[in-house]
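Undergrad: Below are the structure tokens for one structure; questions will follow.
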Ligand SMILES: Cc1cc2nc3c(=O)[nH]c(=O)nc-3n(C[C@H](O)[C@H](O)[C@H](O)COP(=O)(O)OP(=O)(O)OC[C@H]3O[C@@H](n4cnc5c(N)ncnc54)[C@H](O)[C@@H]3O)c2cc1C
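Protein chains in written order, with the working numbering: chain C, 1 to 105; chain X, 1001 to 1413.
What follows is the structure in structure tokens.
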């Protein structure tokens, strides 16, 4: 399994770079992952979403979709796309150190 | 009369469940009530054919109570709310029904109004959906008038029922315009929030290949944010634009509205969270969900409801007898994908196995993931099977709830 190094720590990730072990994630890693995703600086609004992603993962075993995020995170879908332009659910999951959200079929 | 089983929704899943319960258990063993808000049972797969003049709307609708076993009590009323603590369903006009077992089978609802502009200017004129009868009928007229330009088929976001139906629409549109001799004057585009033509890689490759072959442009990762009907543009949340002269949009889906008014019953979108294998509610053991109403990572399709049903009725019996549940639903899904020119392609998969090539249901049978005339005949025969075999709760010989492994070739995309 591939690994990635964030905040000087090697962590296991999947082929697309999503964490496979969310327990290995720490907050300082987020800034670096965000930069790799083309996001300059993480604002409070970004953090609202990132923390929400982790809570949802802990409760449900999968990260929410954009639509569910828009309904439940307190951040509208429009703003989510401003914060994470390249696909909020996937990008925020990556930065939050959780596996890729299982979409619907 | 024994325990009272209340089934909310008398569509595909609710009707099959009620009839299966009657078949499996002695008629008098349980009291079974089905609640639905209207009298018309619509054969939804037929909606795909209405826009192209291949099905007549009046032939797709039959009396709802007449599809139910005579021993089932049918109540025509709107469901207002479920009180889980009191094990009571509140219906319109203050009617209350109490239950020992509750089966939620109220399906998925279209919520086009949740997308900015979708039901605004142009709705019903050059912006349509074929996911309900009025929409499909209106689209038929619009297609007949259409004599050239850009037709865009768009899936707003997932989940949607029958995720292959929009693809089928694109394939049939190609066929329809060729038959009318104006295909060279029509541009077709298929627009999806997914990163490919379909969710699963092997099938995505096969279906994406077919779109290409038929000259249909594929636009991916496009989550519909706004419809500008007057200006003829679809706009995604990341501000990309797709122009159209005629837009066929599959709107957002949600669970039935009453779910949101029933504390503890559903999730954010109004679907019912249930165990993916036993179909039981995580917090309320006497509550089950089946069909499109269930919040599962399986397709929302009639075939899925059929396969789930086998597990569900067994589980209801076991639950009432105080036995452990049989948690064996594997996510089995089976869809005929109509591809035009009297051909269709069959896909068969479950939670763990993506749609693969091979044959169904065994090494000898219909080809999988490959167009054939036999599968087209299968798709057409499905309508008869639906009214006469699936709804009455009969098993289809050789096709069970568990996905068949024999006949499948494991390949990589
Ligand atoms: C265009 C199209 C093509 C399709 N093609 C296929 C196909 O080829 N193969 C396939 O397997 N599936 C197909 N499907 C999907 C299939 O039709 C559905 O998955 C199936 O009908 C689901 O059954 P259900 O019982 O869960 O929901 P439904 O059949 O939709 O039934 C839900 C019922 O609940 C009732 N209800 C909802 N809310 C309330 C309320 N508040 N009070 C009272 N009653 C209420 C409704 O009136 C309805 O009768 C297609 C669907 C569409 C739209």
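Virtual Cβ for every residue (Gly too), placed ideally from N, Cα, C.
How should residue 1236 of chain X be labelled, buried or exposed, when 16 other C-beta atoms within 10 angstroms of its C-beta is the threshold for buried?
TA: Buried.
Undergrad: Taking beta-carbon pairs under 7 angstroms, can you tell me which members of the region 1153-1170 of chain X lie near chain C?
TA: Listed by position along the chain: 1157, 1158, 1159, 1163.
Undergrad: What in chain X is Cβ-close to residue 72 of chain C, meaning under 9 angstroms?
TA: Under the 9 angstroms cutoff, chain X gives 1268.
Undergrad: Nearest chain C C-beta to residue 1238 of chain X closer than 7 angstroms, yes or no?
TA: By this cut-off, residue 1238 of chain X is an interface position.
Undergrad: Output needed for residue 1011 of chain X: all residues of its chain with C-beta closer than 6 angstroms, excluding positions within five of it in sequence on either side, in chain order.
TA: Excluding sequence neighbours, residue 1011 of chain X sits near 1107.
Undergrad: For the beta strand (DSSP E) holding residue 1228 of chain X, just list the boundary residues, first then last.
TA: That run of the beta strand (DSSP E) goes 1224-1228.
Undergrad: Can you give me the C-alpha to C-alpha distance between residue 1192 of chain X and residue 1166 of chain X, rounded to a whole angstrom?
TA: Roughly 10 angstroms separates the two Cα atoms.
Undergrad: Which residues of chain C have a Cβ atom closer than 8 angstroms to the Cβ of residue 1221 of chain X, listed in chain order?
TA: Chain C residues near residue 1221 of chain X: 87.
Undergrad: Judging by CA-CA distance, which residue of X:1317, X:1336, X:1323 is the nearest neighbour of residue 1002 of chain X?
TA: The shortest C-alpha separation from residue 1002 of chain X is found at X:1317.
Undergrad: By a C-beta neighbour count over all protein chains shown, 10 Å radius and 16 as the cutoff for buried, is residue 105 of chain C buried or exposed?
TA: With a pLDDT of 44 at residue 105 of chain C, under the threshold of 50, the modelled position of this residue cannot be trusted; read the value that follows with caution. Looking at its Cβ environment, which holds 16 or more other Cβ atoms inside 10 Å, residue 105 of chain C is buried.
Undergrad: With a threshold of 6 angstroms (Cβ to nearest heavy atom), would residue 1305 of chain X be considered close to ligand 1?
TA: Checking the Cβ of residue 1305 of chain X against ligand 1 gives yes.
Undergrad: Run down chain C in chain order and give the residues with a C-beta less than 9 angstroms from the C-beta of residue 1225 of chain X.
TA: What residue 1225 of chain X touches in chain C: 77, 78, 81.
Undergrad: If the cut is a Cβ gap below 9 angstroms, which residues of chain X does residue 66 of chain C touch?
TA: Here the neighbours are 1157, 1193, 1223, 1237.
Undergrad: Give me the DSSP bridge partner(s) of residue 13 of chain C.
TA: In the DSSP output, where bridge partners are listed per residue, residue 13 of chain C has C:19.
Undergrad: If I follow the unbroken beta strand (DSSP E) through residue 1005 of chain X, where does it start and stop?
TA: That run of the beta strand (DSSP E) goes 1004-1008.
Undergrad: When every heavy atom of ligand 1 is checked, does at least one fall within less than 6 angstroms of the C-beta of residue 94 of chain C?
TA: Residue 94 of chain C: no, Cβ never under 6 angstroms from ligand 1.
Undergrad: Taking a contact to mean a Cβ-Cβ separation below 7 angstroms, would you say residue 93 of chain C touches residue 85 of chain C in this structure?
TA: Not closer than 7 angstroms, so no.
Undergrad: At the level of alpha carbons, what is the spacing between residue 90 of chain C and residue 68 of chain C?
TA: For residue 90 of chain C and residue 68 of chain C, the distance between alpha carbons rounds to 13 angstroms.
Undergrad: Are there 16 or more other CB atoms within 10 angstroms of the CB of residue 1396 of chain X, so buried, or fewer, so exposed?
TA: Exposed, by the Cβ-count rule.
Undergrad: Looking at C-alpha atoms only, which residue of X:1360, X:1246, X:1253, X:1209 is the closest neighbour of residue 1142 of chain X?
TA: Checking every option, the nearest Cα to that of residue 1142 of chain X belongs to X:1246.
Undergrad: Is residue 76 of chain C helix, strand or coil by DSSP?
TA: In this structure, residue 76 of chain C counts as coil in the three-state DSSP scheme.
Undergrad: Looking at ligand 1, does it come within less than 6 angstroms of residue 1003 of chain X, judged from the CB to the closest heavy atom?
TA: Incorrect: residue 1003 of chain X has no Cβ contact closer than 6 angstroms to ligand 1.
Undergrad: Out of curiosity, what's the CA-to-CA distance linking residue 1156 of chain X and residue 1224 of chain X?
TA: Whole-angstrom Cα-Cα distance: 5 angstroms.
Undergrad: Looking only at DSSP bridge pairs, what is residue 1348 of chain X linked to?
TA: Its beta-bridge partners are X:1334.
Undergrad: Okay, do the region 1124-1137 of chain X and the region 1039-1048 of chain X touch, 3+ Cβ pairs below 8 angstroms being the bar?
TA: Cβ pair count under 8 angstroms is three or more, so yes.
Undergrad: From X:1330, X:1183, X:1117, pick the residue whose C-alpha is nearest to that of residue 1231 of chain X; which is it?
TA: If we check each option's Cα against that of residue 1231 of chain X, X:1117 comes out closest.
Undergrad: With a CB to CB cut of under 6 angstroms and the five nearest residues on each side skipped, what residues in its chain are close to residue 1104 of chain X?
TA: Here the set comprises 1008, 1272, 1289, 1293.
Undergrad: Give the single residue among X:1091, X:1017, X:1214 whose Cα lies nearest to the Cα of residue 1426 of chain X.
TA: Nothing about residue 1426 of chain X can be reported from this structure: the residues present for chain X run from 1001 to 1413 only.
Undergrad: Distance, Cα to Cα, residue 1121 of chain X vs residue 1074 of chain X?
TA: Going by the C-alpha atoms only, they are around 40 angstroms apart.
Undergrad: For chain B, check one thing: does any of its Cβ atoms lie closer than 7 angstroms to the Cβ of residue 1222 of chain X?
TA: Checking the listed chains, one finds no chain B in this structure; the protein chains it contains are C and X.
Undergrad: Apart from the five residues just before and just after residue 1067 of chain X, which ones in its own chain have a Cβ nearer than 7 angstroms to its Cβ?
TA: Result list for residue 1067 of chain X: 1015, 1041, 1391, in chain order.
Undergrad: Cβ of residue 1056 of chain X versus every heavy atom of ligand 1: is any distance shorter than 6 angstroms?
TA: No, the beta carbon of residue 1056 of chain X sits no closer than 6 angstroms to any heavy atom of ligand 1.
Undergrad: Is it buried or exposed for residue 1064 of chain X, if we count other Cβ within 10 angstroms and need 16 for buried?
TA: Residue 1064 of chain X is buried by the Cβ-count criterion.
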